[in-house]
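So for the sequence shown, the numbering used here puts the first residue at 3; every next one is plus one.
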Amino acid sequence: MSIEKILYFVQSSNYEQMHSSGAKVQLLRQAIGEYQSSLGLQRLEWTKQNVVGKFIATKEYDLKNQQLFDLFDNHGVLSKVVRIKLNKLNESEKLLLQEFCIASNQYLRFSPIRADSSHREEELCAYKKNITNNNIYWLLDQWKHYKRIYSSFVEQWESLRNLVSKEMLRMDQHKVTLPICILEKISTEQRIFLL
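Written as structure tokens, this is what we have:
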């Protein structure tokens, strides 16, 4: 049974290791980014470690610009760039757009029933101090190491979540409460597909 596999994943400390390694990856990424930023470089290659550091610009747009929406509508791309949230519409607007709705997706929400998380916080604080005491090459090696561990755990976790989700769908269950967690099927919002 898939639910037993997800319980084993959590009880065998894999779930905790996944989160711990993910947090370490983020701390290391931030430290490496700060090092690169201090050099003033947009791109930096560490060939021995097979790592490339690259800053990527993130664009932000004003979503309240009616002229921009009109421009997109005139060029026929409005449906590609706008997402309408049904919960923001009144009932008559929902009825008008109902024929353009596509089915909502479902995912499995896992809510662990945790005891004391202070141990994890202490571990991360100690690791953060260790980061500041080491050079960039140690940081890069650590980042690669924990990134590999984290990716492996995430792959296992997503596979288990998909199996449990299918099993709950087959058994017509929407919520399962276990001693260590709550598993719940959640539907994402419906989306509107405009032609």
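Beta carbons are placed, not taken as given, at the ideal position from N, Cα and C, and that holds for glycine.
Three-state secondary structure (DSSP) of residue i
| i | result |
| --- | --- |
| ILE182 | coil |
| GLN100 | helix |
| ILE14 | Here residue 14 is Ser; the residue named in the question, Ile, does not match the sequence. The answer is coil: DSSP assigns SER14 none of H, G, I, E or B. |
| GLY55 | strand |
| MET187 | The sequence as given places Lys at residue 187; Met does not occur at that position. It is a strand residue. |
| LYS177 | strand |
| LEU46 | strand |
| LEU1 | In this structure the chain extends from 3 to 197, so residue 1 is not present and cannot be described. |
Short Cβ contact (9 angstroms threshold) for residue i with residue j
| i | j | result |
| --- | --- | --- |
| ILE5 | LEU185 | yes |
| ILE34 | LEU126 | no |
| ILE86 | LEU99 | yes |
| PHE11 | GLN158 | yes |
| GLN51 | TYR139 | yes |
Buried versus exposed call for residue i [16 or more other C-beta atoms within 10 Å across all chains shown]
| i | result |
| --- | --- |
| ILE8 | buried |
| PHE57 | exposed |
| VAL79 | exposed |
| LEU30 | buried |
| VAL166 | buried |
| SER15 | exposed |
| THR179 | exposed |
Cutoff 7 angstroms; reference residue i; Cβ partners in own chain excluding five residues on either side
| i | result |
| --- | --- |
| GLU160 | none |
| ILE133 | LEU29, LEU30, ALA33 and LEU141 |
| ARG122 | SER22 |
| LYS130 | LEU29 |
| VAL156 | MET20 |
Beta-carbon proximity list for residue i, same chain, < 6 angstroms, skipping 5 on both sides
| i | result |
| --- | --- |
| ARG163 | LEU110 |
| LYS177 | GLU186 |
| GLU169 | SER4 |
C-beta neighbour in chain B for residue i, strict 9 angstroms
| i | result |
| --- | --- |
| GLN69 | Any reference to chain B falls outside this structure, which holds one protein chain only. |
Beta-carbon proximity list for residue i, same chain, < 8 angstroms, skipping 5 on both sides
| i | result |
| --- | --- |
| ILE188 | GLN108, TYR109, LEU110 and ARG111 |
| VAL54 | ARG45, LEU46, GLU47 and TRP48 |
Cβ-heavy atom distance, residue i to the ligand SAM, below 8 angstroms
| i | result |
| --- | --- |
| LYS90 | In the structure shown, the ligand SAM is absent, as is every other ligand, since no ligand is present at all. |
Inset, instruction - Evaluate contact between the stretch 18 to 27 and the stretch 44 to 53, counting only Cβ atoms and requiring at least three cross-stretch pairs below 8 angstroms. - result: no
Legend entry - Sufficient close CB pairs (3 or more, under 8 angstroms) joining the stretch 175 to 183 to the stretch 110 to 129: yes
Legend entry - Sufficient close CB pairs (3 or more, under 8 angstroms) joining the stretch 36 to 43 to the stretch 145 to 155: no
Legend entry - At least 3 beta-carbon pairs within less than 8 angstroms: the stretch 149 to 157 vs the stretch 9 to 21: yes
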